[in-house]
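Top to bottom, those sequences are chains L and C. With the numbering used here applied, the first sequence closes on residue 377, and no number is skipped along the way. With the numbering used here applied, the second sequence closes on residue 377, and no number is skipped along the way. Ideal placement from N, C-alpha and C gives every residue a C-beta, glycine not left out.
2 protein chains.
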Amino acid sequence: MTPLPSEAHPAGPATVRRHNRGLVLTAVAGAPASRAAVAAHTGLTRGTVSSLVDDLLADGMLVEREAPRGGRGRPANPLQLNPSGPCGVGVEIGVDDVGACVADLTGTVRAVRRVPSDHRRHDPAHGLRRAADIVRDVVAEAGLPVAGVRVALPGVVTPDGVLQRAPNLPRWQDVGVAELFGSLVEAPVSATNEADLAALAELWDGQALRDMLFVSGGVGVGAGIVLDGRLFHGAGGRAGELGHVVVDPGGRACTCGGTGCLETVAGVTALLRAAGAADVDELVREPGAALDVAADALGVALAGAVNLLDLPAVVLGGVYARLGDALVERVGAALRARVLARPPVRVLRAAVARDAALRGAAIGVVRELVGAP
Amino acid sequence: MTPLPSEAHPAGPATVRRHNRGLVLTAVAGAPASRAAVAAHTGLTRGTVSSLVDDLLADGMLVEREAPRGGRGRPANPLQLNPSGPCGVGVEIGVDDVGACVADLTGTVRAVRRVPSDHRRHDPAHGLRRAADIVRDVVAEAGLPVAGVRVALPGVVTPDGVLQRAPNLPRWQDVGVAELFGSLVEAPVSATNEADLAALAELWDGQALRDMLFVSGGVGVGAGIVLDGRLFHGAGGRAGELGHVVVDPGGRACTCGGTGCLETVAGVTALLRAAGAADVDELVREPGAALDVAADALGVALAGAVNLLDLPAVVLGGVYARLGDALVERVGAALRARVLARPPVRVLRAAVARDAALRGAAIGVVRELVGAP
DNA sequence: CTCCTTTTGTTCGACGTCCGAACTAATAGG
DNA sequence: CCTATTAGTTCGGACGTCGAACAAAAGGAG
Numbered sequence: 005m006t007p008l009p010s011e012a013h014p015a016g017p018a019t020v021r022r023h024n025r026g027l028v029l030t031a032v033a034g035a036p037a038s039r040a041a042v043a044a045h046t047g048l049t050r051g052t053v054s055s056l057v058d059d060l061l062a063d064g065m066l067v068e069r070e071a072p073r074g075g076r077g078r079p080a081n082p083l084q085l086n087p088s089g090p091c092g093v094g095v096e097i098g099v100d101d102v103g104a105c106v107a108d109l110t111g112t113v114r115a116v117r118r119v120p121s122d123h124r125r126h127d128p129a130h131g132l133r134r135a136a137d138i139v140r141d142v143v144a145e146a147g148l149p150v151a152g153v154r155v156a157l158p159g160v161v162t163p164d165g166v167l168q169r170a171p172n173l174p175r176w177q178d179v180g181v182a183e184l185f186g187s188l189v190e191a192p193v194s195a196t197n198e199a200d201l202a203a204l205a206e207l208w209d210g211q212a213l214r215d216m217l218f219v220s221g222g223v224g225v226g227a228g229i230v231l232d233g234r235l236f237h238g239a240g241g242r243a244g245e246l247g248h249v250v251v252d253p254g255g256r257a258c259t260c261g262g263t264g265c266l267e268t269v270a271g272v273t274a275l276l277r278a279a280g281a282a283d284v285d286e287l288v289r290e291p292g293a294a295l296d297v298a299a300d301a302l303g304v305a306l307a308g309a310v311n312l313l314d315l316p317a318v319v320l321g322g323v324y325a326r327l328g329d330a331l332v333e334r335v336g337a338a339l340r341a342r343v344l345a346r347p348p349v350r351v352l353r354a355a356v357a358r359d360a361a362l363r364g365a366a367i368g369v370v371r372e373l374v375g376a377p
Numbered sequence: 005m006t007p008l009p010s011e012a013h014p015a016g017p018a019t020v021r022r023h024n025r026g027l028v029l030t031a032v033a034g035a036p037a038s039r040a041a042v043a044a045h046t047g048l049t050r051g052t053v054s055s056l057v058d059d060l061l062a063d064g065m066l067v068e069r070e071a072p073r074g075g076r077g078r079p080a081n082p083l084q085l086n087p088s089g090p091c092g093v094g095v096e097i098g099v100d101d102v103g104a105c106v107a108d109l110t111g112t113v114r115a116v117r118r119v120p121s122d123h124r125r126h127d128p129a130h131g132l133r134r135a136a137d138i139v140r141d142v143v144a145e146a147g148l149p150v151a152g153v154r155v156a157l158p159g160v161v162t163p164d165g166v167l168q169r170a171p172n173l174p175r176w177q178d179v180g181v182a183e184l185f186g187s188l189v190e191a192p193v194s195a196t197n198e199a200d201l202a203a204l205a206e207l208w209d210g211q212a213l214r215d216m217l218f219v220s221g222g223v224g225v226g227a228g229i230v231l232d233g234r235l236f237h238g239a240g241g242r243a244g245e246l247g248h249v250v251v252d253p254g255g256r257a258c259t260c261g262g263t264g265c266l267e268t269v270a271g272v273t274a275l276l277r278a279a280g281a282a283d284v285d286e287l288v289r290e291p292g293a294a295l296d297v298a299a300d301a302l303g304v305a306l307a308g309a310v311n312l313l314d315l316p317a318v319v320l321g322g323v324y325a326r327l328g329d330a331l332v333e334r335v336g337a338a339l340r341a342r343v344l345a346r347p348p349v350r351v352l353r354a355a356v357a358r359d360a361a362l363r364g365a366a367i368g369v370v371r372e373l374v375g376a377p
């Protein structure tokens, strides 16, 4: 029997405390609850909850509201996540702009800003300085202490925050974004793939599906895989490459070296060609044949993924969301014809339209804070 | 922000103890180690390790070997998993036989037995009684205390051990195998899909790949997905349905309702037809055109899965393993042509040939024991 | 042979955490 | 005004880890 080479850490009283702090915070995250309610919900003693809450109040993670109306007995003191507590900052490096956004502990966005920045002409250091500038702006606007910063990047990102490869950002090869940006803003910085964060935004801010495939249609076709309420990154951080699933083995050659990849049939450039449209706005107005083409291809590609992972739902985002319910309907039909699961797969349109990755990044920081502070 | 409806349990001193017990056991699982070595490896204090080891010795999980040879200083007392400690029992319900097997704490198989049993003619209760009989036999032969029993089933199994649907066992619909079998043998019983357990056997007993797709070729084509050293079941326990990935959209109709599924091209019956063979033995001797057909179809289907999940390795089992290295070579080539990952995907032949599911079931029980007893 | 060094394993007090139960606080209803 | 009810706090006990001191068992130097 081969050993697990896992690097597990020893547990002690501090581990327990952290775990239970997280329990209390997640119990309060949904709706305000009293200490007694938290105790009943988590299984902890009222005494223990009191002690934990004292800590959390001192740390500014919780606040006590005054709403002493109710039935018999001593009125309860509802606790809630402190809207003025530590916040998460999301940053997005787009192809020709940068954005930043602040989310408070409750997950509501308190400030957003986006400015143009041509990353094809300038080098990464320049782009990151621009980003740091608007981070300062939004943080000043929100006026909250910063717990952490997360950067959304359009490419392959390693767990330690290095952008390895970005198809549309040729100058950003092997850039240690987390480290570089950490020296520009005084806060812990992490970095993640942009499509993955958009999927998380959909999970947290949109429809709460613990297991889903979030398909982001653009020039490429990416997917964020959410399993059991958590994002799945894959062994090398590259999971979600849906664009190169083969949907037409004899079809057009793809940049990846294969033929008939989903991207060559249902990517934005292919859809523009199918619709005879000049730009995305025109495509959305008069999709024509593009709708059928995209639906068929997506049906084939998604069926494989859904069968393989036994996913109960698929969410269409990016261009696909803009193409409207007609596409959702057709993809759903194509999918149900090929998938055997009962109950049948649900196909939905993305609910978080604007700044999905940005919101996902900012909320992700506070979610981590609430989960295990 | 939507709350996580997770049912997390409170932590206490007992939780810590359990966790650290697991740490000690996994530390000695690879090679025997002294208390001091365990302390250094896990980060626990020597004192704490001593206390934990005392417990584990008393429980019969560990034994102290005598090998006091070495350099300076007081000689170390090597500890190892107790080969006479609690064991795991694996049971397999095949189409026309039942099997049972005992694995000790170190993961070595101590007894195996397999007898014919026609599950198409007799009902589940009869089959389970046969299984219980040979469980008694192998347990008597091994002479070890039984920690748990795991049943491998050829179909969809829910987390609580109910066999929902088994294509080749029409009488076994919605059978609560775990519960029924639990009343026949006095030990905790769980049940899992047979292909999944074969994948785990490959993980533990064969090549130790923390992330892989194990493809099991039979009448259907199933897959066990191993992510980060653990099996991925999916939201509904049905993950791994590789057989109905579409590899030829215009192809033959499949029982699932779709067309051109992998199963219709690279399943056993399709391969027999392609090779013009009467049975599997003949197919293995003279595969002919079947080799190319299978390799192409697997290449297309696996490329999608590998891209989607960013898997570093694929292991071919079942009939595919019997078809030899020629198939492995061709699938590898087809796959590398379509997958962009670096380093390239590895394609391997299954190392655990006989009784894979049986071994996976038995070893799975003891692995769980060692992980968090 | 004796003493010193080195490494292993044990013992003991201090600290942190949770639990259970008793106690105080605050409200509604009779 | 008194009682029942619910909320929150306080305190001792139990459990577990840590750190340091201590005992044990070898090899090597003089």
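First and last residue of the uninterrupted alpha helix (DSSP H) at residue i
| i | result |
| --- | --- |
| residue 185 of chain L | 181-186 |
| residue 30 of chain L | 17-34 |
| residue 196 of chain L | Not the alpha helix (DSSP H): residue 196 of chain L falls in the beta strand (DSSP E), residues 193-197. |
| residue 212 of chain C | Looking at the DSSP string, residue 212 of chain C is not in any alpha helix (DSSP H), and its letter there is neither H nor E. |
| residue 61 of chain L | 50-62 |
| residue 370 of chain L | 360-375 |
| residue 327 of chain C | Where residue 327 of chain C is concerned, there is no enclosing alpha helix (DSSP H), given that its DSSP letter is neither H nor E. |
| residue 12 of chain L | Element bounds for residue 12 of chain L: n/a, residue is neither H nor E. |
| residue 285 of chain C | 284-289 |
| residue 272 of chain C | 272-279 |
Residue interval of the beta strand (DSSP E) (run including residue i)
| i | result |
| --- | --- |
| residue 303 of chain C | Element bounds for residue 303 of chain C: not the beta strand (DSSP E) but the alpha helix (DSSP H), 293-313. |
| residue 169 of chain L | 167-169 |
| residue 405 of chain L | The requested residue 405 of chain L does not occur in the structure, where chain L is confined to residues 5 to 377. |
| residue 70 of chain C | First-last for residue 70 of chain C: undefined, no H or E at that position. |
Short Cβ contact (7 Å threshold) for residue i with residue j
| i | j | result |
| --- | --- | --- |
| residue 321 of chain C | residue 354 of chain C | yes |
| residue 335 of chain C | residue 206 of chain C | no |
| residue 339 of chain C | residue 303 of chain C | yes |
| residue 267 of chain C | residue 238 of chain C | no |
| residue 162 of chain C | residue 241 of chain C | yes |
| residue 29 of chain C | residue 374 of chain C | yes |
Counterpart residues of residue i in DSSP-defined beta bridges
| i | result |
| --- | --- |
| residue 120 of chain L | L/101 |
| residue 265 of chain C | C/250 |
| residue 235 of chain C | C/230 |
| residue 317 of chain L | L/350 |
| residue 322 of chain C | C/221 |
| residue 154 of chain L | L/94 and L/194 |
| residue 106 of chain C | C/93 and C/115 |
| residue 160 of chain L | L/169 |
| residue 37 of chain C | C/83 |
| residue 257 of chain C | C/263 |
Close Cβ partners of residue i (< 7 Å) along its chain, the five nearest in sequence each way excluded
| i | result |
| --- | --- |
| residue 67 of chain C | 84 and 86 |
| residue 9 of chain C | Residue confidence for residue 9 of chain C is low, a pLDDT of 41 falling below 50, so the modelled location carries little weight and cannot support an answer. |
| residue 291 of chain C | 279 and 327 |
| residue 299 of chain C | 331, 334, 335 and 338 |
| residue 256 of chain C | 263, 264 and 268 |
| residue 115 of chain L | 105, 106, 142, 145 and 146 |
Other residues of its chain near residue i: CB distance less than 6 Å, five sequence neighbours each side excluded
| i | result |
| --- | --- |
| residue 365 of chain C | 94, 154, 156 and 201 |
| residue 14 of chain L | none |
| residue 121 of chain C | 101, 102, 131 and 134 |
| residue 179 of chain L | 128 and 167 |
| residue 219 of chain L | 227 and 320 |
Residues of the stretch 242-256 of chain C with a CB closer than 9 Å to any CB of chain L: list them in chain order, please.
242, 243, 244, 245, 246, 247, 248, 249, 250, 251, 252 and 253
Taking Cβ-Cβ distances below 7 Å as the criterion, which residues of the stretch 23-40 of chain L are in contact with chain C?
23, 24, 27, 30, 33 and 34
Give me the subset of the stretch 310-334 of chain L whose CB atoms are less than 7 Å from a CB atom of chain C, sorted by chain position.
311, 312, 313, 314, 315 and 316
Residues from the stretch 156-175 of chain L in contact with chain C, defined by Cβ distance under 9 Å:
none
With 9 Å as the limit, tell me which residues of the stretch 183-213 of chain L have their beta carbon closer than that to any beta carbon of chain C; keep them in chain order.
207, 208, 209, 210, 211 and 212
Which residues of the stretch 41-52 of chain L have a Cβ closer than 7 Å to any Cβ of chain C? Give them in chain order.
46, 47 and 48
If you measure beta-carbon to beta-carbon, which residues of the stretch 74-108 of chain C are closer than 8 Å to chain L?
none
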